[in-house]
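See structure below.
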Amino acid sequence: MDLETLLSFDWGTMTPEFIILGFIAILSVADLFMPKHVDRKILGWVGFAGVVLALASLVSLIGTDTTSILYDTFRLDSFAIAFKLILLLGAALVMLLAIDYKHNDGLEDNKGEFFYLFLSAVLGTMFMASSGDLITLFVGLELLSIPSYILAGMRKRNMKSNESAMKYVLNGGISSAITLFGMSYVFGIAGTTNLKGIATVFGGLTDPQHIYILGLAFFMIFVGLSFKLASAPFHMWAPDVYEGAPTPVTAFLGAVSKTAGFVIILRILLSIFGYVPVAQEDGQPIPLLFAMQDYIAFLAGATMIIGNVIALRQRNIKRLFAYSSIAHAGYILVALTAMSFITFDAIWFYLLAYVLMNLGAFAIIQVITMKNGSEDISHFAGLYRRSPLLAVGMGIFILSLAGIPGTAGFIGKLNIFMGALMVDQAHYVLVSIMIATTVVSYFYYFGIMTQMFFRPASSEEKIQLPMGTLVVILVTAVGTILFGIMPNLAIDFLHTNFNQFMDFMR
Amino acid sequence: MENAWLIPLFPLVSFLFLLLFGKRLKEASAFVGILATLASLVYSILVLLERLESPTHKAEAVWLTIGNLELTAGFEVNQLNALMLVIVSLVSFLVHTYSKGYMHGDERFPVFYAYLGLFTFAMLGLVISPNLLQTYIFWELVGVGSFLLIGFYFYKESAKAAAKKAFIMTRIGDVGLLIGMILLFWQTGSFEYDEIFAAVEEGAISGTMITLTAILIFIGAVGKSGQFPLHTWLPDAMEGPTPVSALIHAATMVAAGVYLVASLFPLFNASETAMLTVAIIGAFTAIFAASIGLVQNDIKRVLAYSTVSQLGYMMLALGSAGYVAGVFHLMTHAFFKALLFLAAGSVIHAVHTQDIEKMGGLWKKLTFTGPLFLIGTLAISGVPLFSGFFSKDEILIAAWAHGNYGLFWLAVIAAFFTAFYMFRLFFMVFTGEARSEMKNVHESPSVMTLPMLVLAVLAVVAGYVNTPWFGAFLGDWLVEGNEALGHGHIAGPGWIMIVATAVSLLGILLAWMMYSKNSISRDWLSSRAPIAYGVVKNKYYIDEIYNQSVVFATKAISLFLRFIELFVVEGLVKLTTATVQALGKTGAKIQNGQVQTYGTIAFVGLAVLMVIYALTGGYL
Amino acid sequence: MSSVPVSAYLALALILFCIGLYGALTKKNTVIVLISIELMLNAVNINLVTFSKYGANPSITGQVFALFSIAVAAAEVAVGLAILISLYRNRRSVNIDEVNQLKN
Amino acid sequence: MTLTGEFFAFMSLALVAVIGGVLLLNLTKVVHMVVALVFTFVSIAGIYVLLSAEFLAVVQVMIYSGAITIMMLFGIMLTRHHGDEAEPKGGTLRRLFLLVGVLGFGAAVYFGIYDLDFEAVPNTLHENNTEQIGISLFSHYIIPFELTSVILLAALVGAIVLARRDDEKEGDQE
Amino acid sequence: MEFNYFLSLLVFSPLLGILLLAFMPKTNESGIKMLGVLATLPSLVLALLAYFSYRGGSDLANFSEKFRWIQFGGQGAEQSGMFTVNYELGIDGFGLVMVVLTAVIATLAAIASFHIKKEWKGYYMLFLLLEIGMLGVFTAQNLILFFLFFEITLIPMFFLIGKWGYYEKEKAAYSFLIYNGLGSAVLLIVIMVLFSRTGTSNIDMLRVILNTENAPMFAPISESLKMGLLVALLVAFGVKLPIFPLHSWMLRVHVEAPPSIVMIHSGILLKIGAFGLIRFGMGIFPEQFADLAVLLAVLGVINLLYGAFLAFIQTDFKMVLAYSSISHMGIVLIGLGALNEAGIQGAIFQVVSHGLISALLFFLVGVLYERTHTTTLANLGGMAKGMPLASGFLLAGAMASLGLPGMSGFVSEFMAFLGLFEEMPVLAAVGALGIIMTAVYLLRAVLAITYGKAEREFVGVSDIRSFEWAPVLVLIGLIVLIGVYPAVLSEPLQATLETILMGIGG
């Protein structure tokens, strides 16, 4: 490959990735050479600027033609742009949280590392969204995972943080192995790692044995990746890890990393298993993905039930949100199960809403837990008196998480319901489970409300909000309400700019 | 006559006016009420006079539209209505006047007059209703008026209980009326009396349906008129101020049941069974209540049972096709019973007790009330030449002529009882020893005695509008132009009048011997048949039976339902939440903090999925 | 062509994968757990390399994939060990079943 | 299936690999386990050679048998051990459960692969194997390759950050 | 065209109050209260304006307004006219009546809220939000908008109960939330099934589509599915109404919520159930509804008797009224079950009438509690002595409630039974027992409070005073007005009734 070929690629489409990469380099070097006593907060702001810059350049890329670099190892299609928008938005918000995060148990010495490790994880998520090749996808996945393991354990002197990292890395390793095992079979039967190539090969498959193996591979990949989603059966690490990890990392895992998980799962499932023909009794073959609907539905249902039901018993706010995030993964899986023509819309919108509301909630959780040094839910008592802004903000996020109309969370759920009910074999049971568990979720969501609004405060001390956190809360609250009242802003944006993701496989 | 609808409005205006300004007017409120009823009275008389000449007038307007059904409201002036208007407004006017003296000094004086106004409005509205629905509306409103007035002394537990009882017992009857009325509506398509009668005449309704609806409507009448078995509220209703008893529970409202049956006479008449039911219930009530009246010691209660008994007479008359007799007795009864109550009120006003055992020798002290009371007593006892004599005679004839011989004899015995207990009452109150504690007994003011006087005159002369000797003027007029109501005068054997006279005189004689002469011991019966006496004394234990059965059953059902509420409804909820909680607990328990457990579960989950897939969806 | 059937290689990989998995989920010592995970990844690599040679469309890609997998595995082990050491420093134990402060 | 040299080679290598794995499960001393696994890793390298992946075989020996194992040993030595690797208590149910799961998993997969065969396509993997990999890696897969470098950087930094001993106070026990 | 934005203005005018309140100082009690009441007035004025202009002959269609709000599914769907959700408000006669009722009761409840003792600011803000929700429910022209408003009523209620309620307020708030959450969840399923499969959520369109053979739909809806949907609707609105055995939440709310809120709750919120059943159940599924008529009538009779018998043994006046509400809602069901003109009109009348009556009764409960601090029957007695006016009104309210002619309760009860007697005379006769029981339990309770010996401690209490006159007089006035001249209500309803009956007949 000579220079000419190298330059012939449209590297401009990778600008956001290059920006992040560049900032990783800048931060790591700066951190190395900065005197030890200088507050690393400044690096955080630099990193934040980097993410914002990347976001800006990504926005400028909206509308460019689908580009593919080096046999799809990087591709910029509308799917990639749409989801990278969410990822970068989430990353920027988490970055702000991380800047304001103060905890005196080991993290403070390594704040500089924290920021660029975080950026590398973000880079990983971006590649997960933006690749058409199994190898890049896998590497992107690991680029997300490995810094995440470290980030979770960065409160070095906190045993919970150590434990959380340990659990995360062990589960992550196993899940990677399982995913890879599945991928190896896919590769074996396709003989290529290019998703389009795989799709072409699979489209012509007739040997039932191969299809059977692909079915197994489907399970391995799906279950392996469900680790990232924190959905059943690979969900159990989530509460422990979320509880132990530093709050911004928890926010990151709960929102951005989960989004990335959905991105990769959509990419792989749709482009690979959407093309495997499974013979039916009536002779009309259907895609393997559709044949697997019952299994996905089962997992989705189990996820929703597990998440919501166990959340009822939680007293630790971060743990509670961990279970809640499991439940939300289940909701999104419902959209995936349905495979209607609005599945993409539904998942995209839900993830957008979810990132906003979840990060908003975590911003407030971070403020409260930092203030009290404990994560017990009772510290929310009387929040309304101490800081009406925080209480109302949290109220909005909780309403949105609970799917109350007027918030983005509701429109997100609406989309999912539509998808699940509009297909010919409508998923009534699944939708019923989803709605029933949503109602169950009222118990714990409104339990927080009860604390905030009904219970007396233990102290009347006002709560000071750091700048960055305030910005996060405002942005997410406004977004949550805005997309709840005028969802068309987002939905029309999606449709005008991304044309139904028609170029997904092109 | 076109403006007859104004008649009920006067008292309504009085009611509203007193509600708003009564507090300021204090006892001057009386004048508002009196004036209003006087207006009604005058107008009613004018209407009656006009009606004597001209035919029935009816005017209606749409009240409520239901799809293409139109329910109307309006008024009608036919013979019965016109007569009732006068009776009601007259008695009401007199009671209004009387009350000014009787209620003097009561702190809720204006409220009393307001209530009276409300009641008079409702009662007048009731009697000019052209259709069943409107009848029902006012029917309920008079019930409320009655309820309010019975419970006028709200701080007395007994008044509270009596008011509640009155309302609920009549309500039971009302539901019967409501059902009957609605059924009739779906059969005939109308609530209008004339259309219903037309439908009945055409045979548009099956016989069973006529019987059913007639009996259901009769249940309403039973409730309102205190007929057996819904009679128990009426004696208790004596908790109200005495003028109220006179107006509502003697002259007007309780007669509404009779009025209703009379209004619907063509319907009843179309069903033998219904007629027989009415007659039997009437006759039975007549003797049943009379027998209780024999042993009561409360002056008002005696009168109350007497009312029940007399209402039974009227029912018997109607049930025996004696339309005229029934209405006639209704009229005469209104006068003499109102008179008796007012006189009783005057007595109570004077001696401040209602227990006749504690009275005696008042004849000399109450020189005015005494004779008036005696006139009433004579009238009700059916002593010849008094009004009661003529109307009762008509009823007996009707019963005989209709072939209800058994019932006829019951009525005769009841007449005997009536004469006996009324004179027992009279003798115990007015004759004999004057009690020592009866100091300061003085005659009532003229505002009270004058109304009694008017009533007394009527009690004497009202009978002459319809007599075998001077022509059945009333009867002819009542049935004029409407054959369905039967004849204006039913001829009966002449001996009936003699029998009637004989039993009443016998009763008076017996009473005189026992209570005035003391030639027969007062304990004659109670000592000889103590059980029977006890039963009668305790009103046949009807209240107790109701308490043990209906009230008990209601409570039992309620408790049973509460059991369901607690254990089934709530239990299911608790079960559900408990299940969810238990699920959560189990889930949390599995989440045991062992990272290898997590991995195991994830992996086993995967394995299970794959095995299921291999077994079901797999190839081969 | 080959005297060893593809399925033999695949079966070997499967067996090693299962062993690794079993080890990872039962062994008490965290180091051994980590190394068991490596064994699982090795099994995957055998698969990849086998398919690279005998698969539907033999090409070097499988080996490259395996190479990436090895690199990633190495990184993972490094991080895993670092976390282990950090944990050990606070807890003085490497027994995985004693790491259960976070639960329910 | 003919008895060729390749077959014998495969069988013996496979046997060693599996025995190594089984020993990993059954030995009681941690160090022994690691050593047992070295055998597995080495025999896997041998298998790579059979599969015309010489470069990978070398990498396997260097990284697994070398680097990773050594790292593990360091890890073992750096952390104090309570003697032998005793059987974890109480986990019997879980192990049984897992065993059934593993067997089910194995059976399901084995069911798919036991007679899997592809049309033999002649290939040239064994010729200039390293060069082929190199070309592929630096042209086709340059992007993941570069990403891997970021991963390694992150792992490196992370490992240092986490494993570095803090000079100040020792862990506050929470 | 002069009515553009009229309904939006009507529905959202309380928003102005919320905004102004936000800037009020927390401690300005009388200012907040005044503003709170004033803020309800624009809606009231507009509602009355609408009513009188309709009576004056103007067409209700003039009030409709419609904007594109959300477009699901992208351009493809938009071109086929599917999956568009408009912001569309409109009223028919029934809606108009309900809007007027809501506006009236809201204003009166705002006045009654003067009794509230703490945190007036938050109270009135939530109160006004609740009003928006209620007004919106009755004007929404499509199901999704309806649902949005429906849920908007839920949240303020939760807080109003939970914060300003009595002893067990939190439990009551939860009970309310979960039951209604379940109800609305079921409702949401129905809405989404309809929307997803027909592609529209407009109520009139749905009425047409579902009752036309071979109407264009996105996915088919079978007859059995329709039945299922109707049953689900019945459950959803059955919770709200409430229908036995879904009623237990409502008892708690009645007992624990502040009386001014119960006025709203019992007066309006319960009626949404009936409104929904008539508007959607009857409107959209007329044939299926006819099949269920017997069931409804039976449920109605059960409700009527069950409520009545249980009200009979309650020891707390609020409980009596709560069960009385259950009982009275049975009459609504009876009317609906009759499924003829009289029945349906009776049901609607009952909706309005009970709204007024229960508002009156609960207002008086508030007045009573304000002075005596108890509502236990055993502790009360002889109140007619100390507060003759309040007692009189209470008695009047009870009389209205037990169906005294001349008051609204009679008209509705009469028509409902009139209707049922035509269809199912035996059942109706059984139900008629309820009329007796109503008298029994109401008199028992009311007389226990007002009549009898006066409790000494209550002798000195003050009677109805100052602002308390307004609700009492207005409510009594309306009750009597409807009772005497029902045409005020029946005439606006005729057009709606015809539409409904046409659906059932055809």
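Residue numbers (this note's numbering), protein chains in the order written: chain A, 88 to 593; chain B, 130 to 749; chain C, 57 to 160; chain D, 8 to 181; chain E, 95 to 600.
Glycine residues also receive a C-beta, built at the ideal position from the N, C-alpha and C atoms.
Computed from a predicted model, the values in this text were never measured in an experiment.
Notebook entry, point to check: So with Cβ pairs under 8 Å, would you call residue 519 of chain A a contact of chain E?
Noted result: Within the first sequence, residue 519 of chain A is the residue found at index 432, counting from 1. Yes, residue 519 of chain A lies at the interface with chain E (some Cβ there is under 8 Å from its Cβ).
Notebook entry, point to check: So, does the CB of residue 100 of chain D fall closer than 8 Å to a CB anywhere in chain C?
Noted result: Walking along the fourth sequence from the start, residue 100 of chain D turns up at place 93. Residue 100 of chain D does not count as touching chain C.
Next item on the list: Please confirm if the segment 182-195 of chain E is in contact with the segment 137-148 of chain E, defined as three or more CB-CB distances below 8 Å between the two stretches.
Entry: By the criterion of at least three beta-carbon pairs nearer than 8 Å, the segment 182-195 of chain E is in contact with the segment 137-148 of chain E.
Check: Taking Cβ-Cβ distances shorter than 7 Å, what residues in chain E pair up with residue 570 of chain B?
Finding: Start at 1 with the first residue of the second sequence, and residue 570 of chain B comes out as number 441. Against chain E, a Cβ distance below 7 Å from residue 570 of chain B picks out nothing, because the smallest value is about 30 Å.
Margin query: Does chain A have any CB closer than 8 Å to the CB of residue 714 of chain B?
Written below: Taking the first residue of the second sequence as position 1, residue 714 of chain B is located at position 585. Against chain A, the CB of residue 714 of chain B has a partner CB under 8 Å away; the residue lies at that interface.
Notebook entry, point to check: Would DSSP call residue 410 of chain E helix, strand or coil?
Noted result: Counting from 1 along the fifth sequence, the entry for residue 410 of chain E is found at position 316. Residue 410 of chain E: strand per DSSP, three-state reduction.
Notebook entry, point to check: What is the residue span of the alpha helix (DSSP H) that residue 641 of chain B lies within?
Noted result: Sequence index remark: in the second sequence, residue 641 of chain B carries index 512 (1-based). Secondary structure note for residue 641 of chain B: it is in no alpha helix (DSSP H), with a DSSP letter that is neither H nor E.
Next item on the list: Enumerate, from N- to C-terminal direction, the unbroken beta strand (DSSP E) stretches of 3 or more residues contained entirely within the segment 249-325 of chain E.
Entry: Segments of the beta strand (DSSP E) lying fully in the segment 249-325 of chain E: there are none.
Checklist line | Below-8 Å beta-carbon distance, residue 319 of chain A vs any chain B residue | finding: If you number the first sequence from 1, residue 319 of chain A lands on position 232. Taking a beta-carbon distance threshold of 8 Å, residue 319 of chain A counts as an interface residue toward chain B.
Check: What do you get for residue 723 of chain B, buried or exposed, if any count of 16 or more other CB atoms within 10 angstroms of its CB means buried?
Finding: Along the second sequence, read from residue 1 onward, the residue named residue 723 of chain B stands at position 594. Buried.
Item checked: Below-8 Å beta-carbon distance, residue 174 of chain A vs any chain D residue -> Taking the first sequence and counting its residues from 1, the one referred to as residue 174 of chain A is at position 87. Not an interface residue.
Item checked: Interface partners of residue 257 of chain E on chain A, CB under 8 Å -> Counting from one through the fifth sequence, the residue named residue 257 of chain E turns up at place 163. Close to residue 257 of chain E, with beta-carbon spacing below 8 Å, are these residues of chain A in chain order: 540, 541.
Notebook entry, point to check: Skipping 5 residues on each side, what residues in its chain have a beta carbon closer than 6 Å to that of residue 316 of chain B?
Noted result: On the second sequence, position 187 is the one that residue 316 of chain B refers to. Answer for residue 316 of chain B: 334, 338, listed in chain order.
Check: Do we get a CB-CB distance below 8 Å when we pair residue 381 of chain A with the residues of chain C?
Finding: Locating residue 381 of chain A in the first sequence gives position 294, where the first residue counts as 1. At a cut-off of 8 Å between C-beta atoms, residue 381 of chain A does not count as an interface residue with respect to chain C.
Note to self: Please tell me whether residue 461 of chain A and residue 538 of chain A are closer than 8 Å, where the distance is taken between their beta carbons.
What the structure shows: Residue numbering aside, residue 461 of chain A sits at position 374 when the first sequence is read from its first letter. Residue numbering aside, residue 538 of chain A sits at position 451 when the first sequence is read from its first letter. Annotated as distal: residue 461 of chain A and residue 538 of chain A, with beta-carbon spacing of 8 Å or more.
Next item on the list: Count the C-beta pairs between the segment 238-248 of chain B and the segment 145-164 of chain B that are closer than 8 Å, then say yes if the count reaches three, no if not.
Entry: The segment 238-248 of chain B vs the segment 145-164 of chain B: in contact.
Next item on the list: Measure how close the beta-carbons of residue 453 of chain E and residue 357 of chain E come, nearest whole angstrom, since I'm counting them as under 8 Å.
Entry: Numbered from 1 along the fifth sequence, position 359 holds the residue referred to as residue 453 of chain E. Numbered from 1 along the fifth sequence, position 263 holds the residue referred to as residue 357 of chain E. The Cβ separation is near 4 Å, so the contact holds.
Note to self: Could you pull the DSSP bridge partners for residue 155 of chain A from this structure?
What the structure shows: Position 68 of the first sequence, counted from the first residue, corresponds to residue 155 of chain A. DSSP output for residue 155 of chain A lists A:162 as bridge partner(s).
Next item on the list: Return helix, strand or coil for residue 227 of chain A, following the three-state DSSP convention.
Entry: Counting from 1 along the first sequence, the entry for residue 227 of chain A is found at position 140. Of the three classes helix, strand and coil, the one that applies to residue 227 of chain A here is helix, per DSSP.
Check: Which ranges would you report for the alpha helix (DSSP H) in the segment 237-322 of chain A if only whole runs of at least 4 residues count?
Finding: Runs of the alpha helix (DSSP H) inside the segment 237-322 of chain A: 246-277, 282-290, 295-316.
Notebook entry, point to check: Could you check where the alpha helix (DSSP H) with residue 410 of chain A kicks off and where it finishes?
Noted result: Counted from its first residue, the first sequence places residue 410 of chain A at position 323. Taken as a continuous stretch (DSSP letters only), the alpha helix (DSSP H) holding residue 410 of chain A covers 404-425.
Note to self: Measuring CB atoms only, is the segment 417-425 of chain A touching the segment 564-583 of chain A, in the sense that at least three cross pairs come out at less than 8 Å?
What the structure shows: Segments in contact, no.
Check: Whose Cβ in chain A lies nearer than 9 Å to the Cβ of residue 313 of chain E?
Finding: Mapped onto the fifth sequence, residue 313 of chain E falls at position 219. The answer, in chain order, is 508, 509, 510, 511, 513.
Item checked: Interface positions of the segment 159-174 of chain E facing chain A (Cβ-Cβ less than 7 Å), listed along the chain -> Those residues of the segment 159-174 of chain E placed with their C-beta closer than 7 Å to a C-beta in chain A are 163, 164, 165, 166, 167, 168, 169, ordered along the chain.
Check: Roughly how many angstroms lie between the CA atoms of residue 186 of chain C and residue 394 of chain A, to the nearest whole one?
Finding: Since the first and last residues shown for chain C are 57 and 160, residue 186 of chain C lies out of range.
Note to self: Rounded to whole angstroms, what is the Cα-Cα separation between residue 727 of chain B and residue 323 of chain A?
What the structure shows: Counting from 1 along the second sequence, the entry for residue 727 of chain B is found at position 598. Counting from 1 along the first sequence, the entry for residue 323 of chain A is found at position 236. Looking at the two C-alpha atoms, the distance is approximately 5 Å.
Item checked: Limits of the alpha helix (DSSP H) - the one that residue 204 of chain B falls within -> Numbered from its first residue, the second sequence carries residue 204 of chain B at position 75. Where residue 204 of chain B is concerned, there is no enclosing alpha helix (DSSP H), although the beta strand (DSSP E) it sits in stretches over 198-206.
Notebook entry, point to check: Is the CB-CB distance between residue 103 of chain A and residue 182 of chain A below 8 Å?
Noted result: By 1-based counting over the first sequence, the position of residue 103 of chain A is 16. By 1-based counting over the first sequence, the position of residue 182 of chain A is 95. No. Outside cutoff.
Checklist line | Within 8 Å, strictly: CB atoms of residue 729 of chain B and residue 105 of chain D | finding: Counting from one through the second sequence, the residue named residue 729 of chain B turns up at place 600. Counting from one through the fourth sequence, the residue named residue 105 of chain D turns up at place 98. Yes; because the gap between Cβ atoms is below 8 Å, this pair is in contact.
Notebook entry, point to check: Beta-carbon of residue 131 of chain D versus every beta-carbon of chain A: anything under 8 Å?
Noted result: Position 124 of the fourth sequence holds residue 131 of chain D. Chain A, which has no Cβ nearer than 8 Å to the Cβ of residue 131 of chain D, makes this no.
Check: Quick one, which of B:514, B:311, B:367 has its alpha-carbon nearest residue 342 of chain B's?
Finding: Sequence index remark: in the second sequence, residue 342 of chain B carries index 213 (1-based). If we check each option's Cα against that of residue 342 of chain B, B:311 comes out closest.
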